[in-house]
Amino acid sequence: MSAAAELLDRLSTVRGIRGSALVSASDGLIVAESLMTGVDGRAVAALAASLVNRLRRATECAGRREPMFLQLHAAEGTVLAAPCGAELVLVAVAGPDANVGLARLEMFEVVGRLA
Amino acid sequence: MRAIEPWVKAPLERFLGESSARLTLLMTSSGQVVAQHGFTRSVDVMTAAALGAAIVASTQEIARLVGEPKFLSLVHQGSSQHVFLSGFETPRGRWIGLVVFDGESTVGLVQLFFDRLVAELVAAAPREAPAQRVLPENFERELNASLRALFGR
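From first to last, the protein sequence lines stand for chains W and H. The first sequence begins at 1250 in the numbering used here and counts up one residue at a time. The second sequence begins at 6 in the numbering used here and counts up one residue at a time.
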């Protein structure tokens, strides 16, 4: 198992996390994943990478530095994303029962190890 | 966006809106154009269709050589613009999609929404028999009619 896959598996042990993926920022394709059945990883990867790229441009245009963390609340859970260097985006899909604070800390840990 | 077959318009419009593709061409496997978006000159459409169909045919032969039934898609990555090519089955026969996209989109997004486009086209395609084959004596008339439909002139 690759180092990235091991880190994603560890992230997926956080309560409520349904899965996580490391995505190529420039093409929106999955580099490594640890997703539960029922989560369309390919769609999450493509759309999350697109969102992070657009937010990156928005914050740059606003004279701010690139976003460090993205937290999207939905009716039945949360999508979390964190840029991991210029080339990668770490994405996690969480249910409504997730410990988002712990997930966020774990994601920063993964980003720090991979960046 | 222009389409020869009216039932192609709605799925293609959704694809264009979601994928942010710059240019899109739908054609039969022989290179006959079914719909186009973004091209302003008919000569460019005909050239892109012929080249796209030829590339897909070539890769099918490579697939055969390596023992793969067929490749699902092909991406040419450029420095700022990229080309996505994919052949797919419809009730009207085998079609090819050629999509040109830039930094406004990604290959992941194009692949994702192209798969949805294919599913919607298959669902929307009328089930009656496909149009008759174009005979040599009618070729020019058919070609001109197609170009008028695709470019509105």
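All C-beta atoms in this analysis are idealised placements derived from N, C-alpha and C, irrespective of residue type, glycine included. Remember, predicted model here, so these are calculated numbers, not experimental data.
query	result
What residues of chain H sit near Ser1269 (chain W), judged by a beta carbon separation below 9 Å?	Within chain H, no residue comes near Ser1269 (chain W); the closest Cβ sits about 17 Å away, beyond 9 Å.
Under three-state DSSP, which class holds Leu77 (chain H)?	coil
Buried or exposed: where does Cys1333 (chain W) fall if 16 or more other Cβ atoms within 10 Å of its Cβ makes it buried?	buried
Residues of chain H with CB closer than 7 Å to the CB of Gly1277 (chain W), please, in chain order.	Thr111, Val112, Gly113 and Leu114
Can you tell me the Cα-Cα spacing of Glu23 (chain H) and Gly1344 (chain W), whole angstroms?	26 Å
With a threshold of 8 Å, are at least 3 pairs of Cβ atoms found where one atom belongs to the region 1342-1359 of chain W and the other to the region 1300-1311 of chain W?	no
Between which two residues does the alpha helix (DSSP H) harbouring Ser47 (chain H) extend?	Ser47 to Val71
Take the Cβ of Ile101 (chain H) as the centre, count every other Cβ of all protein chains shown within 10 Å, and call the residue buried at 16 or more, exposed below.	buried
Which residues in the same chain have their Cβ closer than 6 Å to the Cβ of Leu1321 (chain W), if we skip the five residues on either side of it in sequence?	Val1328
Given Ala55 (chain H), which residues of its chain have a CB within under 7 Å of its CB, disregarding the five upstream and five downstream residues?	Gly36
Would you kindly work out how many angstroms separate the C-alpha atoms of Ser34 (chain H) and Arg99 (chain H), rounded to a whole number?	6 Å
Using the beta-carbon of each residue, which ones in chain C are nearer than 7 Å to Leu117 (chain H)?	Going by chain labels, chain C is absent from the structure shown, which instead holds the protein chains W and H.
What do you reckon, are the CB atoms on Arg27 (chain H) and Phe106 (chain H) nearer than 8 Å?	yes
Distance cutoff 8 Å, beta carbons only. Does Ser1261 (chain W) sit that close to anything in chain H?	no
Quick check on this structure: which residue in H:Ile9, H:Arg19, H:Ala8 and H:Ala59 has the alpha carbon closest to the alpha carbon of Ala124 (chain H)?	H:Arg19
Can you tell me which of W:Ala1281, W:Leu1256, W:Glu1358 and W:Ala1324 puts its alpha carbon nearest to the alpha carbon of Glu1318 (chain W)?	Correcting the residue type first, residue 1318 (chain W) is Phe in the shown sequence and not Glu. Looking at the Cα atoms, W:Glu1358 is the closest of the given residues.
Can you tell which of W:Met1356, W:Asp1258 and W:Gly1268 has the C-alpha that lies nearest to the C-alpha of Val1293 (chain W)?	W:Gly1268
When the Cβ atoms of the region 1295-1303 of chain W are set against those of the region 126-133 of chain H, are three or more pairs found closer than 8 Å?	no
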